[in-house]
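Structure record follows, encoded as structure tokens.
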Amino acid sequence: MEEQKIQVKKALDERFLIGALIDLARKKMVPIHKHSIWYYMGALLLILFMIQMVTGPLLLFYYKPAAETAHQSVADLMVKVPYGWLIRSVHHWASNLMILLAFIHFFSTFLVKAYRRPREFTWLTGMVMFLLVLFLGYTGYTLPFDERAFFALNVGTDMPGAIPVVGTYVLEFLRGGAQVGAHTLNRFFALHVGVLPLALLAVLAIHIVLVQMHGMSIPVSVEKKAKAEKKKIPAKPMFPHFVWHDAVNGLVLVGLVFTLAVCIPSELGPVIDYLKPAPVGVKPDWFFLWVYQILKWIPTYVLGIEGEVVGITGLALAALVIFCAPFVDWKSQRNQLSPLFTALGVVSLLVFLVFTAMGYFF
Amino acid sequence: MKLKESLLSRRDFFTGLIYGGLGSVAAYLAYPVVRFLYYEKKLPLPKAVTITLADIEKISPNAAVYFQYGYLPGILLRTETGEVKAFSAKCTHLDCNVNYKPDTKTFHCACHDGYFDITGKNIAGPPPRPLLAFNVKQEGDAMVISHPGEGGEEAKKA
Chain A
1 MEEQKIQVKK ALDERFLIGA LIDLARKKMV PIHKHSIWYY MGALLLILFM IQMVTGPLLL
61 FYYKPAAETA HQSVADLMVK VPYGWLIRSV HHWASNLMIL LAFIHFFSTF LVKAYRRPRE
121 FTWLTGMVMF LLVLFLGYTG YTLPFDERAF FALNVGTDMP GAIPVVGTYV LEFLRGGAQV
181 GAHTLNRFFA LHVGVLPLAL LAVLAIHIVL VQMHGMSIPV SVEKKAKAEK KKIPAKPMFP
241 HFVWHDAVNG LVLVGLVFTL AVCIPSELGP VIDYLKPAPV GVKPDWFFLW VYQILKWIPT
301 YVLGIEGEVV GITGLALAAL VIFCAPFVDW KSQRNQLSPL FTALGVVSLL VFLVFTAMGY
361 FF
Chain B
363 MKLKESLLSR RDFFTGLIYG GLGSVAAYLA YPVVRFLYYE KKLPLPKAVT ITLADIEKIS
423 PNAAVYFQYG YLPGILLRTE TGEVKAFSAK CTHLDCNVNY KPDTKTFHCA CHDGYFDITG
483 KNIAGPPPRP LLAFNVKQEG DAMVISHPGE GGEEAKKA
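Following this line, the structure appears as structure tokens:
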């Protein structure tokens, strides 16, 4: 038995160079310092993405993507199909945690300036994935085609309509017409199960390769401190230490997802009625609450310009600066402390937290 | 380390514990998925279907029509002598629907050229068994067609 095992191992190693990969992981050192905890977020996101890649296709076995059938098929899935409620709730919670962790991953890498040379493209691929994850979350919760989905579709597709010049085209592209209807659902379905996951997968591959090529970024402050104290920053090999940590974190995460799914299963609202008014207190999912609250809070006119236009343009500009951070944060690029961008990060984080809380409670 | 009187070394014991634990977690996760995948809508076969004599009169002699028997497609034949026969239209070879050919007085399955005579007996080609014959009984002004197995084991085979 032992001998066969060794032979199988040898055969696999010969074909897939497993030994070489493990050697590579052993050689790859992960620095240990007070900000090391943020290094774990990527692997957790990857685990959640894998959960989505399993539960998503499972849901497709019973989901019927048409305006007349979507709502009923989700209802059947929840009550008739054995464990349908569980699969859907796991998909729901994994997506929520994925978005939460994406926010944490984003803010932490921004604040430790991990986008510094030579990691500009790691940052850009990360930002693209962040947008894809948000868009996946948004398209996903419209698919049950319930009342909430209807108003989310209306508001969400109306916002890009405020973009100057091309707004109407974007709006009609998303809606598949001037109004939200059966066509919109088909588009959002195609985006959610086809276009967006494939795009995410492709960008993810680049992101992971880049992260492995460059290794983990060390914050400027940690590097400076080590230099001043003439100490080497301690490090541990990726394998087995961090792989082991990731595995344990992942197990806890899977436990958390299932616990949430069992205790708080995902809901299904009433079927769409195109003629009914929006229900009182209708709100977007938590990850768009801050946008919702900012748009609610901005006065109708700012300096004679429509508030909606000001808000959306402002948000887009802020997003653009953050997106291009590695190219505009010259201080960080020269490995100096960059208080301006730290402030920008902190302010963005506060805006996100405060407006999300306001949107939730008021 | 392995004590003389123990079956396993400590390492083997803990390795087993870890793999056993991971295995049970995997089983916990897999169970709902397997149940989810094998959701079958249970469609019981009806006890019987009735066709009025007036409707049967509309079928010309030596011709057949299709009818629905629960989830089974049925074929109702009116012979030249006016006798009414009913079969499951599913060929016993690979489940295609058979067609009645008046010229040769046979049921023909076009998928793999299987033939059945008007009693449902397989006479040529690959079909291994006769067509499933329904019971046909006249009750008042209607024909009552019922499954020989009453939706039991026979129905699953058909």
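Keeping their order, the protein sequence lines are chains A and B.
Count the first sequence with this note's numbering and you get residues 1 to 362, in order.
Count the second sequence with this note's numbering and you get residues 363 to 520, in order.
Ideal placement from N, C-alpha and C gives every residue a C-beta, glycine not left out.
P284/A: CB within 7 Å of a non-hydrogen atom of the ligand GTP: The ligand content of the structure shown is nil, which means the ligand GTP is not present either.
Same chain only: Cβ atoms within 8 Å of T157/A, ignoring 5 sequence neighbours per side: Contacts found: L171, L174, R175, V180 and T184.
Spatial distance of Y363/A from I305/A (CA atoms): The requested residue 363/A does not occur in the structure, where chain A is confined to residues 1 to 362.
Residue-level contact to chain A via CB, F398/B, 8 Å cutoff: Yes, contact with chain A.
contact_flag[the segment 252 to 270 of chain A, the segment 76 to 94 of chain A] where n(CB pairs < 8 Å) is 3 or more: By the Cβ rule, the segment 252 to 270 of chain A counts as touching the segment 76 to 94 of chain A, because three or more pairs are nearer than 8 Å.
Integer Cβ distance of Q336/A from V222/A, believed to fall under 8 Å: Contact flag wrong, Cβ pair sits at about 14 Å.
Residues, ordered as in the chain, of the segment 59 to 82 of chain A that lie near chain B by beta-carbon distance below 8 Å: Within the segment 59 to 82 of chain A, the residues whose Cβ lies closer than 8 Å to some Cβ of chain B are F61, Y62, K80, V81 and P82, listed in chain order.
C-alpha gap between H455/B and C473/B, whole angstroms: H455/B and C473/B: Cα-Cα distance of roughly 9 Å.
DSSP state of S508/B mapped onto helix, strand, coil: In the structure shown, the three-state DSSP call for S508/B is strand.
Residue range of the unbroken alpha helix (DSSP H) whose run includes S95/A: That run of the alpha helix (DSSP H) goes G84 to L111.
P435/B - partner residues in DSSP beta bridges: Looking at the DSSP output, P435/B sits in a beta bridge with Q430/B.
Touching by the beta-carbon criterion (3+ pairs, under 8 Å), the segment 370 to 388 of chain B and the segment 44 to 63 of chain A: Short answer: they don't touch.
Between the CA atoms of F287/A and L100/A - distance to the nearest angstrom: Between L100/A and F287/A, the C-alpha separation is close to 8 Å.
Test item: CB-CB of N496/B and P489/B under 8 Å: First, the amino acid is wrong: residue 496/B is Phe here, not Asn. No, the pair does not count as a contact, with Cβ atoms beyond the cut-off.
Spatial neighbours of I421/B in its chain, beta-carbon cut-off 8 Å, leaving aside the 5 residues before and after: V427, L438 and R440, listed in sequence order.
G359/A - containing alpha helix (DSSP H), residue span: G359/A -> alpha helix (DSSP H) spans P339 to F361.
Residues bridged to R440/B [DSSP beta-bridge criterion]: The beta-bridge partner set that DSSP reports for R440/B consists of A425/B and V446/B.
CB contact below 8 Å: Y433/B versus chain A: So, not an interface residue.
Contact with chain A by Y401/B, beta-carbon distance below 8 Å: Chain A, which has a Cβ nearer than 8 Å to the Cβ of Y401/B, makes this yes.
CB contact below 8 Å: V506/B versus chain A: No, no contact with chain A.
Any chain A beta carbon closer than 8 Å to P423/B: For P423/B, the closest Cβ of chain A is not nearer than 8 Å.
Chain-ordered neighbours of L86/A on chain B, where CB pairs are closer than 7 Å: Chain-ordered, the chain B residues with CB closer than 7 Å to the CB of L86/A read P394.
Proximity of Y312/A and A162/A at Cβ, strictly below 8 Å: Sequence inspection shows Ile at residue 312/A; the Tyr mentioned does not correspond to that position. Contact: yes.
Cut-off 6 Å between Cβ atoms - residues of its own chain near D246/A, not counting five sequence neighbours on either side: Excluding residues within five positions, the ones whose Cβ falls inside 6 Å are A43.
Any 3 or more C-beta pairs closer than 8 Å across the segment 316 to 328 of chain A and the segment 338 to 351 of chain A: Yes, the segment 316 to 328 of chain A touches the segment 338 to 351 of chain A.
Which of helix, strand or coil DSSP assigns to P375/B: The sequence shown places Phe at residue 375/B, rather than the Pro named in the question. Of the three classes helix, strand and coil, the one that applies to F375/B here is helix, per DSSP.
Sub-8 Å separation of I272/A and E147/A beta-carbons: With contacts defined as CB atoms closer than 8 Å, I272/A and E147/A qualify as a contacting pair.
Short Cβ contact (8 Å threshold) for S36/A with A114/A: No, the Cβ-Cβ distance between S36/A and A114/A is not below 8 Å.
Contained alpha helix (DSSP H) runs [length at least 4] in the segment 192 to 250 of chain A, N- to C-terminal order: Within the segment 192 to 250 of chain A, the complete alpha helix (DSSP H) runs of at least 4 residues are 196 to 214 and 220 to 228.
Test item: CB-CB of P237/A and R15/A under 8 Å: The Cβ atoms of P237/A and R15/A lie no closer than 8 Å to each other.
Per-residue DSSP class, three states only, for P31/A: Three-state result, P31/A: strand.
Residue nearest to T356/A in terms of C-alpha spacing, selected from F189/A, Q333/A, E308/A and W297/A: Comparing alpha-carbon positions, the option among F189/A, Q333/A, E308/A and W297/A lying closest to T356/A turns out to be W297/A.
Paired residues, beta bridge with D146/A - DSSP: DSSP, once it has assigned bridges, lists V271/A as partnering D146/A.
Nearest-angstrom Cα separation, counted from T142/A out to K276/A: Computed Cα separation, rounded: 17 Å.
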